[in-house]
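Protein sequence lines, in the order shown, are assigned to chains P and D. If you're matching positions, the first sequence starts at 47 in my numbering and goes up one per residue. If you're matching positions, the second sequence starts at 9 in my numbering and goes up one per residue. Quick reminder that beta carbons are idealized off the backbone N, C-alpha and C, glycines included. For reference, the structure discussed in these notes is given below.
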Amino acid sequence: MSSVRCPYCGATVRYGKGDVIVTCPYCGTTIVIAGKQPTRHLMGRVNYGVNEVYSFFKEWALRKPEAPNDLPGRARLRDYTLTFYPYWVYKVDVVFRYEGSVRGRRTRGTESEKVVVSVPANTSMYGTPLEEHRFSLRGKVFFSSSYAARVGGTVLNANVTSDKAWEEAWSKIVRIVEEKLKARGIELSRLVAEECHVDGPYYVHVPIYAATYEYDGGTYKFLADATDNRIIYSEIPLGKGFRALALAASAVTGVVAFGFFGLGLLLKAPAFALVSSPTTLLVAAYVAYKGLRTKMVTTRPYAE
Amino acid sequence: MPASTRDGRVVYVSVTAYGEAAPGLIGYLEQAARSLAEEYEYRELFSDVLRHKILNELRKAGFNVEGVEVAVSYRCPVCGASVELNPEAIVYVCPYCGWSGDVFGRKVELLAWHPIPEEDAVRAVISASGRRGRPLEAVLKMIPYWIFPVEATARYKARVVYEEVRGKRRIRREGEASGTVSERTLYPFVARLNAEFYGDREMCGNVLYNYKKRPPAPLQGDLAKRVAGHVLAPEVDKEDAALIVRDRMEDIMVRKAKSHAKRGYPRAIDAYLYEFSCDVKVGEPRLVLAPYWFVIYEWRGSIYSGAVSGIDGDILKVEVPISPHERAFRLVGAWAAAALTGLAAEFVLGTREAGEGVLVLLLIGATTALGLARSAFAEAKVRR
Numbered sequence: 047m048s049s050v051r052c053p054y055c056g057a058t059v060r061y062g063k064g065d066v067i068v069t070c071p072y073c074g075t076t077i078v079i080a081g082k083q084p085t086r087h088l089m090g091r092v093n094y095g096v097n098e099v100y101s102f103f104k105e106w107a108l109r110k111p112e113a114p115n116d117l118p119g120r121a122r123l124r125d126y127t128l129t130f131y132p133y134w135v136y137k138v139d140v141v142f143r144y145e146g147s148v149r150g151r152r153t154r155g156t157e158s159e160k161v162v163v164s165v166p167a168n169t170s171m172y173g174t175p176l177e178e179h180r181f182s183l184r185g186k187v188f189f190s191s192s193y194a195a196r197v198g199g200t201v202l203n204a205n206v207t208s209d210k211a212w213e214e215a216w217s218k219i220v221r222i223v224e225e226k227l228k229a230r231g232i233e234l235s236r237l238v239a240e241e242c243h244v245d246g247p248y249y250v251h252v253p254i255y256a257a258t259y260e261y262d263g264g265t266y267k268f269l270a271d272a273t274d275n276r277i278i279y280s281e282i283p284l285g286k287g288f289r290a291l292a293l294a295a296s297a298v299t300g301v302v303a304f305g306f307f308g309l310g311l312l313l314k315a316p317a318f319a320l321v322s323s324p325t326t327l328l329v330a331a332y333v334a335y336k337g338l339r340t341k342m343v344t345t346r347p348y349a350e
Numbered sequence: 009m010p011a012s013t014r015d016g017r018v019v020y021v022s023v024t025a026y027g028e029a030a031p032g033l034i035g036y037l038e039q040a041a042r043s044l045a046e047e048y049e050y051r052e053l054f055s056d057v058l059r060h061k062i063l064n065e066l067r068k069a070g071f072n073v074e075g076v077e078v079a080v081s082y083r084c085p086v087c088g089a090s091v092e093l094n095p096e097a098i099v100y101v102c103p104y105c106g107w108s109g110d111v112f113g114r115k116v117e118l119l120a121w122h123p124i125p126e127e128d129a130v131r132a133v134i135s136a137s138g139r140r141g142r143p144l145e146a147v148l149k150m151i152p153y154w155i156f157p158v159e160a161t162a163r164y165k166a167r168v169v170y171e172e173v174r175g176k177r178r179i180r181r182e183g184e185a186s187g188t189v190s191e192r193t194l195y196p197f198v199a200r201l202n203a204e205f206y207g208d209r210e211m212c213g214n215v216l217y218n219y220k221k222r223p224p225a226p227l228q229g230d231l232a233k234r235v236a237g238h239v240l241a242p243e244v245d246k247e248d249a250a251l252i253v254r255d256r257m258e259d260i261m262v263r264k265a266k267s268h269a270k271r272g273y274p275r276a277i278d279a280y281l282y283e284f285s286c287d288v289k290v291g292e293p294r295l296v297l298a299p300y301w302f303v304i305y306e307w308r309g310s311i312y313s314g315a316v317s318g319i320d321g322d323i324l325k326v327e328v329p330i331s332p333h334e335r336a337f338r339l340v341g342a343w344a345a346a347a348l349t350g351l352a353a354e355f356v357l358g359t360r361e362a363g364e365g366v367l368v369l370l371l372i373g374a375t376t377a378l379g380l381a382r383s384a385f386a387e388a389k390v391r392r
């Protein structure tokens with residue numbers, strides 16, 4: 047651990063190895079250890095309590111046939127953490143000039159794009175559902191350490207500099223434009239930014255609940271955005287009855303598959319035996335997969 | 009303290025100090041609240057630095073205080089009520105007097121439809137489900153939509169890939185197409201940041217249909233007070249909404265241009281635009297509140313949902329339970345699909361012109377069998 051003196055209140059602020067921005071826990075001042083100063087340090091407010099998010103989540107989970115019917119009654123919220131995760135956010139207004147071809151015919155033109163791009167500011171978020179989490183800058187207010195502490199949240203520092211994040215943000219913008227042009231059937235040979243106006247980087251902390259709940263001796267997790275109640279990631283237990291039924295259905299389907307094979311040989315119809323039997327086994331495998339899973343994982347938002 | 013922030017928001021700012029009471033402290037805090045609001049933007053009022061600034065000033069003035077808290081709420085410009093809103097909100101309906109306007113205190117004329125009664129919404133869902141389900145909950149939401157008048161014109165040049173039939177052979181060819189397509193329409197846009205809700209697409213269509221057929225009336229009086237508690241405060245302003253609408257209209261015009269290009273070729277497969285320019289004019293929008301009912305019902309221990317338009321009672325989307333018999337029937341269907349694929353393969357391989365046809369047959373057969381097996385374990389049928 048290293049430490050730095052807060053330029054505003056004079057407090058000693060400790061930070062971890064690799065952190066590039068730290069926030070004073072006493073006065074909320076943003077202290078840059080490495081890289082550029084952000085345009086603004088903003089945060090999302092906690093508009094939904096964890097119990098509110100948990101009720102929505104259970105209601106949604108129960109709509110799945112695999113979920114046990116007694117889930118709302120027997121599931122117990124075990125614990126949760128509220129973490130303010132850091133993101134670098136850029137508002138970009140860009141005009142690209144492109145050249146390419148459509149079915150062998152040369153084409154060129156300009157494509158303009160106005161986008162808000164966010165990039166995780168801590169490498170621990172990479173490869174997790176938080177990496178692609180989308181949110182808006184609207185409603186984000188100036189950062190407050192005391193608010194984060196009051197709502198029981200911990201603040202994660204950035205260990206990715208804004209320069210490094212900009213590289214990632216820029217490749218995201220290029221991908222967006224490439225996909226847009228590809229949808230029109232254009233095979234690109236050249237794509238160059240002609241004009242580019244960047245507003246940012248905004249350093250934004252987004253409050254995320256990571257909750258664990260118990261059901262029938264097992265523990266399951268879900269992640270939700272505390273600002274807009276969006277479920278980012280969830281694990282749902284599968285009912286024992288449903289699983290037993292699926293495994294039984296799989297076994298019967300397996301028997302049917304062997305039946306088809308035998309019937310094919312009996313009737314001297316080899317193609318029938320070699321096609322019907324594996325196709326039915328495929329069905330048996332799919333149904334067995336349904337029965338063998340103990341939980342299902344979903345990253346779709348609640349409302350879908 | 010009633011005040012206006014530097015960015016013009018009409019708010020109440022209160023400053024609370026913790027410590028020893030002293031003469032003149034309240035007056036000092038009132039002055040601090042007023043100057044805070046006038047000097048800073050709304051979003052700045054939440055920062056720690058401001059709290060520390062006040063704390064330091066109080067200490068310099070000789071007050072013995074340990075800490076300071078700043079609270080901000082909106083102030084209805086008509087009745088003066090304090091209204092708690094999320095920082096994302098930009099327009100609201102005052103739950104006390106029914107005034108509707110933006111966070112800057114400007115009147116915004118909202119249009120709205122009278123919501124159908126709860127009993128009608130529940131009845132519609134239960135009837136559409138075809139089961140004698142037990143209603144558990146019905147929630148009314150007044151969903152805000154920006155309705156934009158839009159005019160778009162696109163010019164394009166395209167290469168069209170099409171098929172030509174010569175005897176028994178099909179030959180792929182390419183041709184040229186160019187033209188202009190235009191569209192004049194109304195575009196409804198949900199004025200919320202988290203715009204996903206059950207039946208959202210269907211609701212969009214319903215709002216558009218009703219906006220033309222039975223236009224909403226200005227929201228005022230008793231209706232405003234009655235629905236205020238159900239209003240989802242708009243969070244996307246018209247400028248941001250217009251940008252997104254313009255972008256989506258461009259996508260629509262790309263599809264329209266492709267379809268227009270294919271029209272000239274009876275056996276067209278696809279069209280590739282190598283020149284495309286689009287001009288989208290977005291007019292002044294109206295902000296409309298559309299009533300939407302979300303109903304939850306129980307059937308044999310499981311919970312299902314339904315969404316109903318509160319404008320005309322139309323079913324948007326309802327989950328219908330799948331009975332165990334139906335699930336078994338679908339699984340048997342998957343076996344039958346596998347058997348039929350085998351029979352067809354036996355038949356096709358017996359003829360001389362098998363070729364690629366067998367592979368296509370196997371693919372169709374396996375997809376159908378898996379699709380049926382998947383539907384046997386689906387959560388519910390969805391009826392729209």
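Notebook entry, point to check: Would you say residue 305/P and residue 318/P are within 8 Å of each other, going by their C-beta atoms?
Noted result: For residue 305/P and residue 318/P, no; Cβs fall outside 8 Å.
Notebook entry, point to check: Between the C-alpha atoms of residue 326/P and residue 379/D, what's the straight-line distance to the nearest angstrom?
Noted result: C-alpha of residue 326/P to C-alpha of residue 379/D: approximately 12 Å in a straight line.
Next item on the list: Classify residue 89/D as helix, strand or coil using the three-state DSSP reduction.
Entry: DSSP places residue 89/D in coil when its eight states are reduced to three.
Check: With a CB to CB cut of under 7 Å and the five nearest residues on each side skipped, what residues in its chain are close to residue 169/P?
Finding: A distance below 7 Å between beta-carbons, with the five flanking residues on each side excluded, links residue 169/P to the following residues of its chain, in chain order: 205 and 206.
Notebook entry, point to check: Which residue's Cα is closest to the Cα of residue 246/D: 200/D, 120/D, 223/D and 258/D?
Noted result: Checked all of 200/D, 120/D, 223/D and 258/D; the closest Cα to residue 246/D is 200/D.
Checklist line | CB contact check: residue 154/D to chain P, cutoff 8 Å | finding: No - not a single Cβ of chain P is within 8 Å of the one on residue 154/D.
Notebook entry, point to check: On the three-state DSSP scale, how would you describe residue 35/D?
Noted result: Residue 35/D: helix per DSSP, three-state reduction.
Item checked: CB contact below 8 Å: residue 117/D versus chain P -> Taking Cβ atoms only, chain P never reaches closer than 8 Å to residue 117/D, which makes this a no.
Check: What are the boundary residues of the alpha helix (DSSP H) that residue 372/D is part of?
Finding: From DSSP, the alpha helix (DSSP H) with residue 372/D extends over 365 to 384.
Check: Is any beta-carbon of chain P found at less than 8 Å from that of residue 27/D?
Finding: No, residue 27/D lies away from the interface with chain P (no Cβ there is under 8 Å from its Cβ).
Next item on the list: Using a Cβ cut-off of 8 Å (strictly closer), state whether residue 328/P contacts chain D.
Entry: Residue 328/P counts as touching chain D.
Checklist line | At least 3 beta-carbon pairs within less than 8 Å: the stretch 244 to 255 of chain P vs the stretch 221 to 233 of chain P | finding: Cβ pair count under 8 Å is below three, so no.
Check: Considering only residues of the same chain and omitting the five flanking positions on each side of residue 333/P, which have a CB-CB separation below 7 Å?
Finding: Sequence-distant partners of residue 333/P (beyond 5 residues in either direction) whose C-beta falls short of 7 Å from its own C-beta, in its chain, are 292, 295, 296 and 299.
Note to self: Using 8 Å as the threshold, is the C-beta distance between residue 264/D and residue 106/D below it?
What the structure shows: Not in contact: residue 264/D and residue 106/D (Cβ atoms no closer than 8 Å).
Next item on the list: Use the C-beta contact count for residue 153/P: other C-beta atoms within 10 angstroms, 16 or more gives buried, fewer gives exposed.
Entry: Buried, because 16 or more other Cβ atoms sit within 10 Å of the Cβ of residue 153/P.
Checklist line | Amino acids of chain D, ordered along the chain, whose beta-carbon sits closer than 8 Å to that of residue 336/P | finding: Those are 385, listed as they occur along chain D.
Notebook entry, point to check: Just checking my contact of residue 315/D with residue 300/D at CB under 8 Å: how many whole Å lie between their CB atoms?
Noted result: Cβ atoms of residue 315/D and residue 300/D come within 8 Å of each other, at about 7 Å.
Next item on the list: Taking residue 287/D as part of the alpha helix (DSSP H), name the residues at either end of that continuous run.
Entry: From DSSP, residue 287/D is part of no alpha helix (DSSP H) but of the beta strand (DSSP E) over 276 to 290.
Next item on the list: Would you grab the beta carbon distance between residue 250/P and residue 271/P for me? Rounded to a whole angstrom, and I think it's under 8 Å.
Entry: The C-beta distance from residue 250/P to residue 271/P rounds to 12 Å, too long to fall under 8 Å, and the pair is not in contact.
Next item on the list: Quick one: which residues of the stretch 318 to 349 of chain D get their C-beta closer than 8 Å to a C-beta of chain P? List them in chain order.
Entry: Of all residues in the stretch 318 to 349 of chain D, 327, 330, 339, 342, 343, 345, 346, 347 and 349 have a Cβ within less than 8 Å of some Cβ in chain P.
Next item on the list: Taking C-beta pairs closer than 8 Å, name the residues in chain D that residue 191/P reaches, listed in chain order.
Entry: For residue 191/P, the chain D residues whose C-beta falls within less than 8 Å of its own C-beta are 56, listed in chain order.
Check: Taking the DSSP output, what are the residues bridged to residue 166/P?
Finding: Looking at the DSSP output, residue 166/P shares a beta bridge with 133/P.
Notebook entry, point to check: What whole-angstrom Cβ distance do residue 92/P and residue 197/P have, given they're in contact under 8 Å?
Noted result: Here residue 92/P really is in contact with residue 197/P; their C-beta atoms are around 5 Å apart, less than 8 Å.
Check: Which same chain residues, not among the five before or five after residue 339/P, have their C-beta less than 7 Å away from its C-beta?
Finding: 284.
Checklist line | Simplified DSSP state of residue 106/P, which is helix, strand or coil | finding: In this structure, DSSP gives residue 106/P a helical state, which the three-state scheme calls helix.
Notebook entry, point to check: So, using beta-carbon positions, are residue 280/P and residue 102/P closer together than 8 Å?
Noted result: No, Cβ-Cβ distance for residue 280/P and residue 102/P is not below 8 Å.
Notebook entry, point to check: For the candidate residues 83/P, 106/P and 54/P, whose alpha-carbon lies nearest to that of residue 311/D?
Noted result: For residue 311/D, the nearest C-alpha among the options comes from 106/P.
Next item on the list: May I have the straight-line CA-CA distance separating residue 392/D from residue 322/D, to the nearest angstrom?
Entry: Whole-angstrom Cα-Cα distance: 9 Å.
Next item on the list: Identify the continuous alpha helix (DSSP H) that holds residue 210/D and give its terminal residues.
Entry: Per DSSP, residue 210/D belongs to the alpha helix (DSSP H) from 208 to 221.
Checklist line | residue 118/P - DSSP class collapsed to helix/strand/coil | finding: Three-state result, residue 118/P: helix.
Next item on the list: Hey, could you find the ends of the beta strand (DSSP E) residue 296/D is sitting in?
Entry: Run containing residue 296/D: 294 to 307, per the beta strand (DSSP E) assignment.
Next item on the list: Work out the CA separation of residue 100/D and residue 110/D for me, nearest whole Å.
Entry: The C-alpha of residue 110/D lies about 6 Å from the C-alpha of residue 100/D.
Notebook entry, point to check: Expressed to the nearest angstrom, what Euclidean distance is found between the alpha-carbon atoms of residue 59/D and residue 72/P?
Noted result: If you take the alpha carbons of residue 59/D and residue 72/P, they lie about 11 Å apart.
Notebook entry, point to check: Taking C-beta to C-beta, are residue 26/D and residue 75/D nearer than 8 Å?
Noted result: Residue 75/D sits close to residue 26/D, with the two beta carbons spaced by under 8 Å.
Next item on the list: Identify which residue in 177/P, 257/P and 212/P has its Cα closest to the Cα of residue 82/P.
Entry: Of the listed residues, the one whose Cα sits closest to residue 82/P is 212/P.
Checklist line | Coil, strand or helix - residue 182/P by DSSP | finding: Secondary structure at residue 182/P: coil, using DSSP grouped into helix, strand and coil.
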